[in-house]
Amino acid sequence: MIRSKPEELIRKNMARFVDNEIIPVAQELDNKGEFPREIVQKLARMGIFGIRYPRHKGGAGGNTTLFCIICEEISRGLLSVASIAAMQSLMGTNFLFHNGTPEMFEEYFLPAMRGEKIGCFCMTEPDAGSDLGAITTRATQVDDGYLINGMKTWVTDGPEASFYTVMCQTDPSKRLRGIGYFFIPRHFPGVSVSSPFKCLGTRTTPICEVAFKDVLIPKEYRLTQEGEGLNAFLKIIAEIRAMTAALAIGLQRAAMADSIKYANERIASGKPIGKFQLVQSKVANMATNLEASKLMTYRAAAMIDAGQEALKEATMAKYFATEAACSAADECTRIFAGYGYSMEYTAQRYFRDSRFLLNGGGTHEVLQCNIARSVGL
Ligand SMILES: Cc1cc2nc3c(=O)[nH]c(=O)nc-3n(C[C@H](O)[C@H](O)[C@H](O)COP(=O)(O)OP(=O)(O)OC[C@H]3O[C@@H](n4cnc5c(N)ncnc54)[C@H](O)[C@@H]3O)c2cc1C
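Mapping to our numbering: the sequence shown position 283 is 284, numbers consecutive.
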């Protein structure tokens, strides 16, 4: 990958942090399944959560390419830490940054950049996932603001959050055209948070349901104006997909590196298993998919940075890189064979964690429909 000097410098710094601070404890963190507070604090001190926000507004002055580089490197260490960083840097704080009041900026955005407050993004409901036009969480205008009622599920980092960006319906007859984003602090009366879900992978990332019952918020907490919710969503969806593709690249790199190391060390029939052509074929496919994923992802990121329309490219990148990550993790468990089934080795974690990538930013069935539509079907 050809990178500019600043991009390479940031990648190297991030890689050093991942090698020293995340990889040595990744298995232990995953086994414990606890929110990695200490690492989150360190990432905040490095300015990671502000990478896509301007310097003069509390950020680190980067762009989508740098954000993807960081997500990729952290994911190489532990996908669940990377997913926490990604949520905090993008979906969890984006609408607050762009549409919040100066008071909200001081009280929530800056503390989020310092890692003191965690932000989440709530769209999915028990009966509405891919079909966002079917969401029923309702924002009703009242004299002194909005009354919020409804239930959100699969809220990444929800149990740790101090505030939520919540997609609500203001006019059910308009379906997608009636959606909008509302800012809801956790401590407001009527907000309740479930216990964390028991999940297959990404175990340090807590996920839960969040219910809103007659939650009264001030009118300034409406983050998108009437009819603007869908456009606001479309504005960041390309970036969400490019970021998810970058997470998938990190996981591919980890699975491939461990596969190569194991294939060089493990002896069968008197020679390292890496000398067998069918093992070589698996690694060759991993390496080729990885290069293709990088090209697609960083092209989409560069287009976003150049202000170009990049939804098709980011969608293809997310689809391709995530399928490649699932395949690399699967092949890694096969190269490890019996040890790929053991919880003592990394292969099983890559295999479980890879499934995390399938749904965020759209399921692959939905993405394939989007891609087909974008090329004329
Ligand atoms: C680990 C994890 C973290 C998540 N984090 C968050 C979060 O932080 N915030 C949040 O809001 N949500 C989050 N989600 C939810 C995620 O966005 C949804 O799971 C996703 O949108 C799919 O919705 P669903 O699970 O309800 O599946 P459904 O929409 O019910 O889909 C079920 C199946 O039908 C297929 N399908 C549905 N509609 C179509 C269609 N139009 N065309 C073709 N096939 C279709 C799907 O592809 C899938 O195979 C998370 C999910 C997971 C697993």
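For each residue, glycine too, the CB sits at the ideal point set by N, CA and C.
Handout entry: Cβ pair G308, C72 closer than 8 Å
Key = no
L67 versus S163, R176, L201, G48, residue with shortest Cα-Cα distance: G48
Ligand 1 and G130: does the residue's C-beta get closer than 7 Å to at least one heavy atom of that ligand? yes
Say yes only if the C-beta of C209 is nearer than 7 Å to one or more non-hydrogen atoms of ligand 1, and no if none qualify.
-> no
Item to check | Buried/exposed call for V167, threshold 16 Cβ in 10 Å | outcome: buried
Measuring straight from C-alpha to C-alpha, what distance separates E126 and A135? 9 Å
(request) Leaving out five residues on either side along the sequence, give the residues of the same chain with a beta carbon under 7 Å from the beta carbon of S84. (result) T157, T203, T206, L248, F357
Worksheet item: How far does the alpha helix (DSSP H) with L148 in it reach, from first residue to last?
Response: Per DSSP, L148 belongs to no alpha helix (DSSP H); it is in the beta strand (DSSP E), 146-157.
At what residues does the beta strand (DSSP E) containing M124 begin and finish? Looking at the DSSP string, M124 is not in any beta strand (DSSP E), and its letter there is neither H nor E.
* To do: Please name the residue in K319, C333, S193, Q369 whose C-alpha comes closest to that of K262.
  => C333
D31 burial status per 10 Å Cβ neighbour count (16 or more: buried)
buried
- Item | Where the alpha helix (DSSP H) through K43 begins and ends | 38-46
TODO: Just grab the DSSP bridge partners of V167 for me.
DONE: C123, F183
task = Would you kindly check if the distance between the Cβ of M152 and the Cβ of G138 is under 8 Å?
result = In the sequence under discussion, the amino acid at residue 138 is Thr, which differs from the Gly named in the question. Yes. Within cutoff.
Terminal residues of the alpha helix (DSSP H) in which L235 lies
230-266
(request) Assuming A325 and Q281 form a contact by the criterion Cβ under 8 Å, report the distance between their Cβ atoms to the nearest whole angstrom. (result) In fact, because the Cβ distance is near 18 Å, the residues do not count as touching under 8 Å.
Below 7 Å, is the gap between the Cβ of E324 and the nearest heavy atom of ligand 1? no
Can you tell me whether DSSP reads I52 as helix, strand or coil? coil
Q) For N232, is the classification buried or exposed, using 16 other Cβ atoms within 10 angstroms of its Cβ as the cut-off for buried? A) exposed
Local Cβ density within 10 Å of Q42, reported as buried at 16 or more and exposed below that: exposed
Check: Does the region 18-32 come close enough to the region 74-90 that 3 or more CB-CB pairs lie under 8 Å?
Finding: yes
- Query: Thinking C-alpha only, which one of A293, E240, R353 is nearest D306?
  - Reply: E240
Practice problem: Please state if the CB of F337 and the CB of A348 are separated by a distance shorter than 8 Å. | Solution: yes
Check: How about the region 214-229 and the region 90-101: do they share at least three Cβ pairs that are nearer than 8 Å?
Finding: yes
key: Nearest candidate by alpha-carbon position, reference G116, set K276, L44, V376   = L44
Leaving out five residues on either side along the sequence, give the residues of the same chain with a beta carbon under 6 Å from the beta carbon of A301.
A243, A311, E314, A315, A318
Original post:
Within 7 Å: the Cβ of E161 and any heavy atom of ligand 1?
Top reply: no
Quiz item: Would the beta-carbon of E240 be found less than 7 Å away from any heavy atom of ligand 1?
Solution: no
- Item | Beta-carbon spacing of G275, I218 below 8 Å | no
- Query: According to the Cβ coordinates, are C121 and G159 closer than 8 Å?
  - Reply: yes
Practice item. For my contact list, F321 and M297 are in at a C-beta cut-off of 8 Å; report their separation, rounded to the angstrom. Key: 6 Å
- Query: Can we count T205 as close to ligand 1, meaning its CB is less than 7 Å from some heavy atom?
  - Reply: no
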